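J.: Numbering (this note's numbering), first residue to last: -18 to 302. Glycine included, each C-beta is placed from N, C-alpha and C at the ideal position. All of these numbers come straight from a predicted model, not from anything done at the bench.
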Amino acid sequence: MTETPMDGTPPRNGPDSRDWFAPPAEQPSDITYSGAVSRPMPTAPPSVPIPGTLKPPTDLRVWPPLEPEGEDRSTQPFPALRTNRQPPPAALAPASPSVEAPARPPAEVPQEPPTVSQEPPAVSPEPQAVSTAPARRTGLLAGGAVLSVVLAVGAPTLFGYQAYKYGRPDDTVRVVQPGQAGVWQHVSWQATVEKIKDPTGKPERSDRQWLKIVATRTALDAEGAIRHGEPAEVTFTDRAGRTWQVEMMNNETPPDVKDNKIGTPYRLEMMAVVPPSVADEVEVVLRPSTYRDVPDQSAADFVKNAFTSTEKNDQVLRFRR
């Protein structure tokens, strides 16, 4: 079955028989434009009116100054001059007003035959001075640098060593024979050594030996009574110079000067641990204190005496065994 458009009306046959969607007869079938497309020309924006009249710039150059017109400002480098060039021989010869001397090479100066002499030939010092001047200057610079380093490093070291020696001078050792007393600054000192067991109660060890020191101090006069301070240092020393520290355990010296009696010995008990091989030879080294407990002395006088005193802590007592 065939369907027809326009309510079933079949297409007409004849000159006007066109398709339903065909353009009218007066319109060409090809409507594509292939020519140039004209574009609108851009127009300038409207100018903004400026009031008044513009004047040309009036700036003038101040520096550098203007060059004069017509002057040649071109520059050319000077030619290099050779310093070793010699003037021609004609320039060295004296000029004559009438006859001009011909140019000739300079004649050699005849040398006299050398004479036999026992003295060595003189040597001009100028070449030697020129040749040794740089080496001498280098040596002076090197010596100055070494001296500066020595002064910069050695001066602080020497100052520090002198300060150390002033605060801790070399000890003056006073040897005390066994069973005798050593006297220093109105005080008599004695010391004895004995072996003891481990006071802590631990089992004995073969690599250590406990020793007990009993030292007594006795004031010989009033000056000795005010010097009741505890020893500054107590150590054990063997023949090789090795030392072992000693610990204070008990000090019976009264802390008040009024309680210190002249001629009364006061005990000081100390202990130490040393190797068993040196237990029979170690000796006690005791450094007495320089402290003076003056009764009824003010704090200002105490400080003044401390700074003005010339006594040094460099005296030690070494008790032989």
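For L298, does the three-state DSSP call read helix, strand or coil?
T.: Here the question's residue 298 lines up with position 317 in the sequence shown. Strand.
J.: Which residues bound the beta strand (DSSP E) around G163?
T.: In the sequence shown, counting from the first residue as 1, residue 163 sits at position 182. First-last of the beta strand (DSSP E) with G163: 163 to 165.
J.: Is the beta carbon of M252 sitting closer than 9 Å to the one on K193?
T.: Here residue 252 refers to the residue found at position 271 when the sequence shown is read from its first residue. Here residue 193 refers to the residue found at position 212 when the sequence shown is read from its first residue. Closer than 9 Å, so yes.
J.: Counting C-beta neighbours from all protein chains within 10 Å, is the total for G222 16 or more, i.e. buried, or is it exposed?
T.: As a position in the sequence shown, residue 222 is number 241, starting the count at 1. Label assigned to G222: exposed.
J.: Assuming K176 is part of the alpha helix (DSSP H), what are its boundary residues?
T.: For this step, residue 176 is matched to residue 195 along the sequence shown. Careful: K176 lies outside any alpha helix (DSSP H), inside the beta strand (DSSP E) at 168 to 177.
J.: Is it buried or exposed, S105, if we count other Cβ atoms within 10 angstroms and call 16 or more buried?
T.: What you label residue 105 is simply residue 124 of the sequence shown in a count that begins at 1. Residue placement at S105 cannot be trusted, given a pLDDT of 49 that sits under 50; the coordinates are not used to answer.
J.: Report the option in S129, Q190, A126 whose CA atom is closest to the CA atom of V263.
T.: Position 282 of the sequence shown holds residue 263. If we check each option's Cα against that of V263, Q190 comes out closest.
J.: List the endpoints of the continuous beta strand (DSSP E) containing V156.
T.: Here residue 156 corresponds to residue number 175 of the sequence shown, with the count starting at 1. V156 -> beta strand (DSSP E) spans 153 to 157.
J.: Should V156 be labelled buried (16 or more other beta-carbon atoms within 10 Å of its own) or exposed?
T.: Taking the sequence shown and counting its residues from 1, the one referred to as residue 156 is at position 175. Label assigned to V156: exposed.
J.: Give me the DSSP bridge partner(s) of A200.
T.: Numbered from its first residue, the sequence shown carries residue 200 at position 219. DSSP, once it has assigned bridges, lists V168 as partnering A200.
J.: In whole angstroms, give me the CA-to-CA distance for E48 and P38.
T.: Locating residue 48 in the sequence shown gives position 67, where the first residue counts as 1. Locating residue 38 in the sequence shown gives position 57, where the first residue counts as 1. Rounded to whole angstroms, the separation of the alpha carbons of P38 and E48 is 21 Å.
J.: Does the stretch 206 to 214 come close enough to the stretch 264 to 277 to have 3 or more Cβ pairs within less than 8 Å?
T.: yes
J.: Along the chain, where does the beta strand (DSSP E) that runs through V284 open and close?
T.: Start at 1 with the first residue of the sequence shown, and residue 284 comes out as number 303. Here V284 belongs to no beta strand (DSSP E); instead the alpha helix (DSSP H) covers 280 to 289.
J.: Thinking C-beta only, is R299 closer than 9 Å to V266?
T.: Indexing the sequence shown from 1 puts residue 266 at position 285. Indexing the sequence shown from 1 puts residue 299 at position 318. Yes, these two residues count as a Cβ contact at 9 Å.
J.: Distance check for P256 and E340, CA to CA, integer angstroms please.
T.: Past the edges of the chain, shown from -18 to 302, lies residue 340, and the structure says nothing about it.
J.: Which ranges does the beta strand (DSSP E) cover as unbroken runs of at least 3 residues, wholly within the stretch 207 to 243, from first to last along the chain?
T.: 214 to 218, 224 to 226, 228 to 232
J.: For E292, which of helix, strand or coil comes out of DSSP?
T.: Residue 292 sits at position 311 when you count from the first residue of the sequence shown. Correct three-state label for E292: coil.
J.: Can you list, in chain order, the residues of its chain with a C-beta nearer than 6 Å to that of P276? Leave out the 5 residues immediately preceding and following it.
T.: Position 295 of the sequence shown, counted from the start, is the residue given in the question as residue 276. The residues are V238.
J.: To the nearest whole angstrom, what separates the beta carbons of V297 and V130, a pair I think is in contact under 8 Å?
T.: To locate residue 297, count along the sequence shown from 1; it is residue 316. To locate residue 130, count along the sequence shown from 1; it is residue 149. In fact, because the Cβ distance is near 39 Å, the residues do not count as touching under 8 Å.
J.: Decide if N241 is buried, meaning its Cβ has at least 16 other Cβ atoms within 10 Å, or exposed.
T.: As a working note, residue 241 is residue 260 in the sequence shown. Around the beta carbon of N241, a 10 Å sphere encloses 16 or more other beta carbons of the protein chains shown; the residue is thus reported as buried.
J.: Is it buried or exposed for R117, if we count other Cβ within 10 angstroms and need 16 for buried?
T.: Position 136 of the sequence shown, counted from the start, is the residue given in the question as residue 117. The residue in question, R117, is exposed, as its Cβ has fewer than 16 Cβ neighbours within 10 Å.
J.: Residues in its own chain within less than 7 Å of Q162 by CB, not counting five upstream and five downstream?
T.: By one-based count along the sequence shown, residue 162 stands at place 181. The question names Gln, yet the displayed sequence has Ala at residue 162. Same-chain partners within the cutoff: S169, W170, Q171.
J.: Taking the alpha-carbon of W165 as reference, which of Q278, L201, T119 has the nearest alpha-carbon?
T.: The residue given as residue 165 occupies position 184 in the sequence shown. The candidate whose alpha carbon is nearest that of W165 is L201.
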